[in-house]
Every structure is written in C-alpha cells, then in structure tokens.
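Q: Numbering (this note's numbering), first residue to last: 175 to 403. A single structure is presented below for examination.
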C-alpha cells in the first residue's frame, strides 16, 4: 500500500468549502518557499484534497471533509525535493503537524485524533525494529567482507528471529485494538505476507463498527480475493 504512493499521483485539488470538517494546522521550521499538499488514496490513486503555497511564513492550514477516520498524507513539494510524505490518521476536528525542513519526514510530529495516537505508538515501536534491522545489516556486511561463514550463519538466524518478532508485534497490536480503524489498516499496510487464516482471525476480532469502516471493508475484500485465488 505504501509503495504505490510514489507510483500514482493525481493532483486534483478540491477547494475548501463550508462542509469541511477537518483542519490540519502545520508548521515546518525552516521552510520559506514551497507548496504543502494534503492528500489521500482514492482507489489506487493519491489525490490532492487541499494545498497551500508557503512564502515566508512556515505556518499553514489545510482543510478537507472526512466521512470517517482515515489515513491522510502531507506532501512537501520543494525544488529538487518532491518525494516527502508524512502519513497520519485523521478524524473530524483539528490535527497539528510540526516538523522541520531539514528532516521533514523524521522530525514530523502529528497530534489530534485518537487513531493517530494509537498509530504513532505503533510506529514508534516499529522504529526500534528498524534500528535492529540496520544493526544486523551492518554486521552481515562486515561478516561478508571478512568471509566469516560462522558469523553469517548466526546472523541469518538472527534475521529470521527479528522478522518473526516484528511480524508478531504487528499482529498482536492490530488484534489488541479491534475497536479502532488502525487495526485493519495495519493488517493491510504492514502485513503483506500474512496468511488468510491470520487475516480472517484479525477481521473477526474487529468490532462491528470497524468492520463497516473503510479499512474494515478493504480488509474483507482482500480476504475474499485471496480465498478466491
């Protein structure tokens, strides 16, 4: 799901109207000139909901209308720098994005919705797994350079253990939060290799209202599709 962000971009801009029920207030420290876009997936396309041109003031405000909580994306478009996306869970009301121009993605902090709070907690823990992955990758590279076959075999076992642990964390987190739209989203976006049995179990753990949500329906469609195959 994340990978296609960079493959399909539709820049249809929807003007702000009185029906808008969501506002994103943002500040990108160091940004003097550029365009900030608020975007979401519509089918397989990333569409622009609102945009603002920043000229001197790093503060900005974006609006849209949400039918239900869902994942949105903020894109920072500057010269020679067009692939900067920050993802966050939005729901009706006001959310806040604070970041820096230098490290737009990594310094981004988004607050506002309960879904974002849960998703942020999940991603923070996931970053620890990514740090472990980098550590193992460096060790693997050094072992290859030294042609240390014993170390390479040991590291392969460590990689397998790491992947299983990361997968188990995603599974447990999603299953524990069946009352939030975050659960089916994690199943769809973070667990591409999950078995049908696992996806079925996760889907059945969702509360009725979440099964009827956008990501609940998409998860059900994915399960049905894979069963048919």
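Idealized CB from N, CA, C, for every residue including glycine.
(1) According to the Cβ coordinates, are residue 228 and residue 210 closer than 8 Å?
(2) Kindly confirm or deny that the region 223-238 and the region 199-207 touch, where touching means at least three C-beta pairs closer than 8 Å.
(3) Just the C-alpha distance for residue 326 and residue 333, rounded to the nearest angstrom, thanks.
(4) If you drop the 5 nearest sequence neighbours on each side, which residues of the same chain put their C-beta closer than 7 Å to that of residue 352?
(5) Please classify residue 280: is it buried, with 16 or more other beta-carbons within 10 angstroms of its beta-carbon, or exposed?
(6) How about residue 291 and residue 247: are their beta carbons less than 8 Å apart?
(7) What did DSSP end up calling residue 293 once you bin it into helix, strand or coil?
(8) Any Cβ of chain B within less than 8 Å of the Cβ of residue 224?
(9) Identify the continuous beta strand (DSSP E) that holds residue 196 and give its terminal residues.
(10) Out of curiosity, what's the CA-to-CA distance linking residue 396 and residue 372?
(11) Using only the alpha-carbon positions, how far apart do residue 185 and residue 330 sit?
(12) Give the secondary structure of residue 402 by DSSP, where H, G and I count as helix, E and B as strand, and everything else as coil.
(13) For residue 403 and residue 194, I'd like the C-alpha separation in whole angstroms.
(14) Taking just the CA atoms, how far does residue 340 sit from residue 310?
(15) With DSSP as the reference, please indicate the residues paired to residue 383 in a beta bridge.
(16) Could you check whether residue 356 and residue 289 sit closer than 8 Å to each other, using their CB atoms as the reference points?
(17) Would you tell me roughly how many angstroms separate the C-alpha atoms of residue 293 and residue 343, rounded to the nearest one?
(18) Going by C-alpha distance, which of 258, 300, 249 and 393 is nearest residue 369?
(19) What residue ranges within the region 320-393 form continuous alpha helix (DSSP H) runs of no fewer than 4 residues, ordered along the chain?
(20) Starting from the N-terminal side, write out each stretch of the beta strand (DSSP E) that is 3 residues or longer and does not extend beyond the region 207-251.
(21) Determine the DSSP secondary structure at residue 301, reduced to helix, strand or coil.
(22) Per DSSP, residue 261 forms a beta bridge with which residues?
(23) For a test of your reading of the model: does the CB of residue 364 fall under 7 Å from any non-hydrogen atom of the ligand FAD? Yes or no.
A: On the basis of the supplied data:
(1) The answer is yes: Cβ separation under 8 Å.
(2) Proximity of the region 223-238 to the region 199-207 meets the contact definition, three or more beta-carbon pairs being nearer than 8 Å.
(3) About 10 Å.
(4) Contacts found: 379, 380, 381 and 384.
(5) Around the Cβ of residue 280, a 10 Å sphere holds fewer than 16 other Cβ atoms; the residue is exposed.
(6) Taking 8 Å as the Cβ cut-off, residue 291 and residue 247 do not qualify as a contacting pair.
(7) It is helical.
(8) The displayed structure is made up of one protein chain only, and chain B is not part of it.
(9) Taken as a continuous stretch (DSSP letters only), the beta strand (DSSP E) holding residue 196 covers 196-203.
(10) Those two C-alpha atoms are separated by around 12 Å.
(11) Because the pLDDT of residue 185 is 41, which lies under 50, any placement of that residue in the model is unreliable, and the question is left without a value.
(12) Correct three-state label for residue 402: helix.
(13) The straight-line gap from Cα to Cα measures roughly 40 Å.
(14) Spanning the two alpha carbons is a distance of roughly 14 Å.
(15) In the DSSP output, where bridge partners are listed per residue, residue 383 has none listed.
(16) Taking 8 Å as the cut-off, the beta carbon of residue 289 is found closer than this to the beta carbon of residue 356.
(17) So the alpha carbons of these two residues sit roughly 13 Å apart.
(18) For the residues 258, 300, 249 and 393, the minimum Cα distance to residue 369 belongs to 393.
(19) Counting whole runs of 4 or more residues, the region 320-393 contains the alpha helix (DSSP H) stretches 323-350, 356-363, 370-379 and 382-385.
(20) Taking only runs of at least 3 residues, the beta strand (DSSP E) segments lying wholly in the region 207-251 are 207-216, 219-229 and 233-238.
(21) Three-state DSSP puts residue 301 in a helix.
(22) Residue 261 is bridged to 247.
(23) As far as ligands go, the structure on display features none, and thus does not contain the ligand FAD.
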